Amino acid sequence: MNPELLLSRIRVVLCRPSHPGNIGAAARAMKTMGLSDLYLVQPKQFPDPEADARATGAVDVLNRAKIVDSLPQALVGASFAVAMSARQRDLGPVVGTPRETVQRLLAEAGQGEVALVFGNETHGLSNEEVLYCQAAVSIPTNPDFSSLNLGSAVQVMCYECRMSAFAGKPPIIEQGVTPFASAPAAHDEVEGFYGHLEKVMTDTGFYNPAQPGRLLPKLRRLFGRIRLEKDEINILRGILSATQVRTGHGRKE
Ligand code: SAH
Numbered sequence: 065m066n067p068e069l070l071l072s073r074i075r076v077v078l079c080r081p082s083h084p085g086n087i088g089a090a091a092r093a094m095k096t097m098g099l100s101d102l103y104l105v106q107p108k109q110f111p112d113p114e115a116d117a118r119a120t121g122a123v124d125v126l127n128r129a130k131i132v133d134s135l136p137q138a139l140v141g142a143s144f145a146v147a148m149s150a151r152q153r154d155l156g157p158v159v160g161t162p163r164e165t166v167q168r169l170l171a172e173a174g175q176g177e178v179a180l181v182f183g184n185e186t187h188g189l190s191n192e193e194v195l196y197c198q199a200a201v202s203i204p205t206n207p208d209f210s211s212l213n214l215g216s217a218v219q220v221m222c223y224e225c226r227m228s229a230f231a232g233k234p235p236i237i238e239q240g241v242t243p244f245a246s247a248p249a250a251h252d253e254v255e256g257f258y259g260h261l262e263k264v265m266t267d268t269g270f271y272n273p274a275q276p277g278r279l280l281p282k283l284r285r286l287f288g289r290i291r292l293e294k295d296e297i298n299i300l301r302g303i304l305s306a307t308q309v310r311t312g313h314g315r316k317e
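The sequence shown runs 65 to 317 under the numbering used here.
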């Protein structure tokens, strides 16, 4: 199914958010990842200039947000809901990782509407709210400090949704294509460069073969740290040849 359509079927539900800034941050997190359906369950303060400020270009998501009185109202029409919680609950659904649970969420989104449900900044989700959900996710963290900012938790999940919807290849950046890249240089080409460099260094007096020190191994170490490409070898050898021509040593290669 079209990834954008899948993402449009994921609603983000914020239960009783206290800080309007976090609502704005959540809207921005959603829009950057292609989600747009925001539900607010009893927000303490909304609309609010602080929410607009934190949303920056995602104010349209805020303007379309649906404000409801309870989580069940936010889940009307949704067939699958994921509770976001740093803590395992006694009777709640089994807690999974973001990546594995988002795969399931997207499979469900292929059938209809789904939801990611986030809790209040201070108290998290209530046990009752968790029980309305069919799955739970805990974002892996430092065990000594496991609570993310609400907007950050929304960002992590929306990112996972985008990655999963586009099967790991979102179309924003041309992945793996480095401008100017050429094929890796072969062993003999690299050795040819070292030989050329040694000759120029000797001819110009920079290197004295009678007192070699550790210059040659150090240069091998330097160039060995990077994977030289054919074009790069040509450039380096071109510089060496130009040096030879100017200094009257050897012929232009
Ligand atoms: N103090 C609250 C956490 C509030 S953070 C508590 O102990 O539950 C606000 C919301 O962000 C949480 O309710 C949860 O939905 C989400 N969140 C924050 N950190 C998370 C984590 N590590 N894993 C899953 N959800 C998290």
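Glycine included, C-beta positions come from ideal geometry on N, C-alpha and C. Source: prediction; values computed, not measured.
Counted within 10 angstroms of its Cβ, other Cβ atoms place residue i as buried (16 or more) or exposed
i: I290; result: exposed
i: D101; result: buried
i: F144; result: buried
i: A247; result: exposed
i: Q239; result: Per-residue confidence for Q239 stands at a pLDDT of 47, beneath the threshold of 50, marking its modelled position as unreliable; the derived number appears in the next sentence. Exposed.
i: I237; result: With a pLDDT of 48 at I237, under the threshold of 50, the modelled position of that residue is not reliable, and the figure given next carries that caveat. Its Cβ having fewer than 16 others within 10 Å, I237 is exposed.
i: Q219; result: buried
i: S149; result: buried
i: N66; result: exposed
i: E68; result: exposed
Whole-number beta carbon distance between residue j and residue i, since they are thought to touch under 8 Å
i: P157; j: A199; result: 5 Å
i: A147; j: A122; result: Wrong, their Cβ atoms sit about 24 Å apart, outside the cutoff.
i: M97; j: V125; result: With 8 Å as the limit, M97 and V125 do not qualify as a contact, their Cβ atoms being about 11 Å apart.
Residue i to residue j span [Cα, whole Å]
i: L343; j: A231; result: Because residue 343 is not part of the residues shown, which for the chain are 65 to 317, the question remains open.
i: T165; j: V201; result: 7 Å
i: T186; j: R163; result: 25 Å
i: Q308; j: E262; result: 12 Å
i: L283; j: N206; result: 42 Å
i: L169; j: C197; result: 12 Å
i: R80; j: A173; result: 25 Å
i: S320; j: S216; result: In the structure as shown, the chain starts at 65 and stops at 317, and residue 320 therefore has no counterpart that could be examined.
i: E114; j: K294; result: 54 Å
i: I131; j: V76; result: 12 Å
i: A129; j: L71; result: 16 Å
i: D208; j: G160; result: 19 Å
Ligand 2 heavy atom lying under 7 Å from the CB of residue i
i: D112; result: Among the ligands in the structure shown, ligand 2 does not appear; only ligand 1 can be found there.
Residue i beta carbon near ligand 1 (any heavy atom closer than 7 Å)
i: I303; result: no
i: L88; result: It is Gly, not Leu, that sits at residue 88 in the sequence shown. Result no, Cβ not under 7 Å from ligand 1.
i: H187; result: yes
i: G85; result: no
i: G183; result: yes
i: I203; result: yes
i: R151; result: yes
i: A138; result: no
i: S82; result: no
i: L195; result: no
i: S190; result: no
i: A199; result: no
> Is the number of C-beta pairs between the region 78–88 and the region 100–116 that are closer than 8 Å three or more?
Replying inline: yes
> Are at least three pairs of beta-carbons, each pair with one atom in the region 144–155 and one in the region 188–207, less than 8 Å apart?
Replying inline: yes
> Using 8 Å as the threshold, is the region 214–231 in touch with the region 266–285, meaning 3 or more CB pairs across them?
Replying inline: The region 214–231 vs the region 266–285: no contact.
>> Across the region 249–260 and the region 295–302, are there enough close Cβ pairs to call them in contact, namely three or more that are closer than 8 Å?
In response: Between the region 249–260 and the region 295–302 there are three or more C-beta pairs closer than 8 Å, enough to call the two in contact.
> Below 8 Å, can you find three or more Cβ-Cβ pairs linking the region 178–185 to the region 135–144?
Replying inline: yes
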